[in-house]
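Numbering (the working numbering), first residue to last: 30 to 472.
All C-beta atoms in this analysis are idealised placements derived from N, C-alpha and C, irrespective of residue type, glycine included.
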Ligand SMILES: [Zn+2]
């Protein structure tokens, strides 16, 4: 009998010890320990930096919410106190909130939206959803463009992760009012991009879109380069189109297909240097997927300039300008139609100095399906594959054929990176061009 009691007591003690060990280690087992350690810190404002990124990711949803809901003046006080102690102190960046998550960032194309001066985050989320999914027409009967309704992206939705950061960018820390519009000389919202990329890389972005709520100061609020700047206050039809246009620059390094009417014959008009004309195709146009030189040899077999009868008439009018002043006054007399642009040297395609800025009709012969060859584009030394496209005008919600193929090649060859003949050839086309570094080195 006594033996049985001792046996039961030993078994109970054993169970107790096992339970205590498991219970004591439970927090470590489920990874909560870092959160508990955080809450014991005297200052529980969490500063996001590459070093403590892992901690941040492990914080449960409700913990971040309580930090987010801190009274505004507390945050401001905390921030200025930090700034007083050290000028290199990184601001708290916020937390990544997924809108679309297909897999971990290393395997996908990650778009990260960083808000600037946004007050309503549920509105931000629905604007991003519009940018991704919305179709149909806006109140002005304009078709709405969105990422996953546009070819080629429509077929590659599973390659994307899309997220936003739940805290506005610190505009002072990232020096966000350094831009200036060269059209109006007014300030533009543009941040220190190197600093921004370095700090926000903890969120694993492939492409960053700074989505801002600032009254436009002059022409050109949105832009697409390494970082895209997108004005959240654009109307429904404009928002999706602007995102897609800037993403064409940002993701595909596509060029604008509209002509800068007021530019002094960009980029060779100001110079008497013949090599600018001669090298422009070799150095610039050849690697731009959606522009080509005279006759569009990349997608047409031959050409006949006289096929653009409107351009021929316009050039007859412009060619009467024998000096820069005369060229300018023709544009004034015709009220901008045609707009004549002065070149210091005879234009390499038309052999006249005063040239109409844009063509209207296809001069290409035997072109690939869905392509044409129309004068005008980013500057007055190029031809483009279509008269309408996302890279040209807001009324259009499709990329033209060469743009589409280029974008699709990136999607096929990256995220995750593919090694095959198509991708090797594709990459080799761009290996010496810095703007295509991301395509060449993609993950
Ligand atoms: Zn553009």
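Based on the DSSP output, what are the partners of residue 229 in its beta bridges? The sequence position of residue 229 within the chain shown is 200, counting from 1. None, per the DSSP bridge assignment.
Shorter than 6 Å, the distance from the beta carbon of residue 285 to the closest heavy atom of ligand 1, or not? The residue you call residue 285 lines up with position 256 of the chain shown. Yes.
Between which two residues does the beta strand (DSSP E) holding residue 459 run? Locating residue 459 in the chain shown gives position 430, where the first residue counts as 1. Unbroken run through residue 459: none, as it is neither H nor E.
I believe residue 370 touches residue 409 by the beta-carbon criterion, under 8 Å. Please report the beta-carbon distance rounded to the nearest angstrom. The residue given as residue 370 occupies position 341 in the chain shown. The residue given as residue 409 occupies position 380 in the chain shown. Correct: roughly 5 Å between the Cβ atoms.
At which residue ranges does the segment 408 to 443 contain complete alpha helix (DSSP H) runs of 4 or more residues, listed in the order of the chain? 430 to 442
With residue 190 and residue 263 assumed to form a contact (beta carbons below 8 Å), what rounded beta-carbon distance in angstroms separates them? Taking the chain shown and counting its residues from 1, one reaches residue 190 at position 161. Taking the chain shown and counting its residues from 1, one reaches residue 263 at position 234. Contact doesn't hold; Cβ gap of about 24 Å is too wide.
Give the DSSP bridge partners of residue 399, in chain order. Sequence index remark: in the chain shown, residue 399 carries index 370 (1-based). Bridge partners of residue 399: none, in fact.
Going by C-alpha to C-alpha distance, which of 172, 178, 146 sits closest to residue 260? Sequence index remark: in the chain shown, residue 260 carries index 231 (1-based). Minimum Cα distance to residue 260 is reached at 146.
For residue 192, the residue or residues it bridges with in DSSP: One-based indexing of the chain shown puts residue 192 at position 163. Within the DSSP bridge table, the entry for residue 192 names 127, 141 as partners.
Alpha carbon to alpha carbon, how far is residue 123 from residue 199? Indexing the chain shown from 1 puts residue 123 at position 94. Indexing the chain shown from 1 puts residue 199 at position 170. Cα-Cα distance, rounded: 11 Å.
Taking all protein chains shown into account, do 16 or more other C-beta atoms lie within 10 angstroms of the C-beta of residue 350, making it buried, or fewer, making it exposed? Along the chain shown, read from residue 1 onward, the residue named residue 350 stands at position 321. Looking at its Cβ environment, which holds 16 or more other Cβ atoms inside 10 Å, residue 350 is buried.
What's the gap between the Cα of residue 88 and the Cα of residue 195? Numbered from its first residue, the chain shown carries residue 88 at position 59. Numbered from its first residue, the chain shown carries residue 195 at position 166. Confidence at residue 88 is low in this model, with a pLDDT of 25, below 50, so the placement of that residue should be treated as unreliable; the coordinate-derived value is given next. Going by the C-alpha atoms only, they are around 14 Å apart.
Do residue 429 and residue 416 have their C-beta atoms within less than 7 Å of each other? For the purposes of this step, residue 429 is identified with residue 400 of the chain shown, where counting begins at 1. For the purposes of this step, residue 416 is identified with residue 387 of the chain shown, where counting begins at 1. Residue 429 places its beta carbon 7 Å or farther from that of residue 416.
Excluding the 5 residues flanking residue 407 on each side, which residues of the same chain have their C-beta closer than 6 Å to its C-beta? Counted from its first residue, the chain shown places residue 407 at position 378. Within the same chain, residue 407 has close Cβ partners 284, 285.
Look up residue 206 in the DSSP assignment and say whether it is helix, strand or coil. Start at 1 with the first residue of the chain shown, and residue 206 comes out as number 177. Strand at residue 206.
Figure out for me which residue from 288, 355, 254, 220 has the closest Cα to the Cα of residue 476. Here the chain comprises residues numbered 30 to 472, so residue 476 is not present and cannot be evaluated.
Does the Cβ-Cβ distance between residue 243 and residue 203 come in under 7 Å? If you number the chain shown from 1, residue 243 lands on position 214. If you number the chain shown from 1, residue 203 lands on position 174. Taking 7 Å as the cut-off, the beta carbon of residue 243 is found no closer than this to the beta carbon of residue 203.
Assuming contact is defined by CB atoms lying nearer than 7 Å, are residue 274 and residue 419 in contact in what I supplied? Position 245 of the chain shown, counting from 1, holds the residue named residue 274. Position 390 of the chain shown, counting from 1, holds the residue named residue 419. Going by C-beta atoms, residue 274 is nearer than 7 Å to residue 419.
Between which two residues does the alpha helix (DSSP H) holding residue 354 run? Residue 354 sits at position 325 when you count from the first residue of the chain shown. Run containing residue 354: 353 to 362, per the alpha helix (DSSP H) assignment.
Residues of its chain near residue 435, where Cβ-Cβ distance is below 8 Å and the 5 sequence neighbours each way are ignored: Position 406 of the chain shown, counted from the first residue, corresponds to residue 435. Excluding residues within five positions, the ones whose Cβ falls inside 8 Å are 281, 283, 318, 319.
Here's the rule: buried if 16 or more other CB atoms are within 10 angstroms of the residue's CB, otherwise exposed. What is residue 121? The residue labelled residue 121 in the question sits at position 92 within the chain shown. The residue in question, residue 121, is buried, as its Cβ has 16 or more Cβ neighbours within 10 Å.
Could you check the C-alpha separation between residue 230 and residue 208 for me, to the nearest Å? As a first step, residue 230 is located in the chain shown; it is residue number 201 there, counting from the start. As a first step, residue 208 is located in the chain shown; it is residue number 179 there, counting from the start. Approximately 22 Å between the Cα atoms of the pair.
Supposed close pair residue 180, residue 400 - CB separation, criterion 8 Å: Counted from its first residue, the chain shown places residue 180 at position 151. Counted from its first residue, the chain shown places residue 400 at position 371. In fact, because the Cβ distance is near 15 Å, the residues do not count as touching under 8 Å.
Cβ-based neighbour list, residue 322, same chain, cut-off 6 Å, excluding 5 preceding and 5 following: Position 293 of the chain shown holds residue 322. For residue 322, the CB contacts under 6 Å within the same chain, skipping 5 residues up- and downstream, are 310, 314 in chain order.
Residue 144 versus 389, 472, 205, 133, residue with shortest Cα-Cα distance: The residue you call residue 144 lines up with position 115 of the chain shown. Here the closest residue by C-alpha is 205.
Considering only C-alpha positions, which residue in the set 163, 236, 447, 153 is nearest to residue 197? Position 168 of the chain shown, counted from the start, is the residue given in the question as residue 197. Checked all of 163, 236, 447, 153; the closest Cα to residue 197 is 153.
Per DSSP, what kind of secondary structure is residue 379 in: helix, strand or coil? If you number the chain shown from 1, residue 379 lands on position 350. Correct three-state label for residue 379: coil.
How would you write the range of the beta strand (DSSP E) that residue 342 sits in, first residue to last? Looking up residue 342 in the chain shown gives position 313. In this chain, residue 342 is not harboured by any beta strand (DSSP E); it is covered by the alpha helix (DSSP H) spanning 338 to 347.
Please classify residue 324: is it buried, with 16 or more other beta-carbons within 10 angstroms of its beta-carbon, or exposed? In the chain shown, residue 324 corresponds to position 295, counting from 1. So residue 324 ends up on the buried side.
Tell me which same chain residues have a C-beta within less than 6 Å of the C-beta of residue 185, skipping the five on either side of it? Residue numbering aside, residue 185 sits at position 156 when the chain shown is read from its first letter. Taken in chain order, the residues that qualify are 440.
Below 8 Å on the Cβ atoms is my guess for residue 395 versus residue 331; work out the distance and round it to an integer in Å. In the chain shown, residue 395 corresponds to position 366, counting from 1. In the chain shown, residue 331 corresponds to position 302, counting from 1. That pair is a contact at about 6 Å.
To the nearest whole angstrom, what separates the beta carbons of residue 443 and residue 472, a pair I think is in contact under 8 Å? Looking up residue 443 in the chain shown gives position 414. Looking up residue 472 in the chain shown gives position 443. Contact holds; Cβ gap of about 7 Å.
Do residue 165 and residue 173 have their CB atoms nearer than 7 Å? Along the chain shown, read from residue 1 onward, the residue named residue 165 stands at position 136. Along the chain shown, read from residue 1 onward, the residue named residue 173 stands at position 144. Taking 7 Å as the Cβ cut-off, residue 165 and residue 173 qualify as a contacting pair.
Would you report the Cα separation of residue 402 and residue 376, rounded to the nearest angstrom? As a working mapping, residue 402 is identified with position 373 in the chain shown. As a working mapping, residue 376 is identified with position 347 in the chain shown. C-alpha separation (whole angstroms): 18 Å.
Taking the beta carbon of residue 127 as the centre, do at least 16 other beta carbons fall within 10 Å, making it buried, or is it exposed? Within the chain shown, residue 127 is the residue found at index 98, counting from 1. Looking at its Cβ environment, which holds fewer than 16 other Cβ atoms inside 10 Å, residue 127 is exposed.
Taking DSSP as the reference, what is the three-state secondary structure of residue 87? Counted from its first residue, the chain shown places residue 87 at position 58. The pLDDT assigned to residue 87 is 25, lower than 50, so where the model puts this residue is not dependable, and the model offers no usable value.
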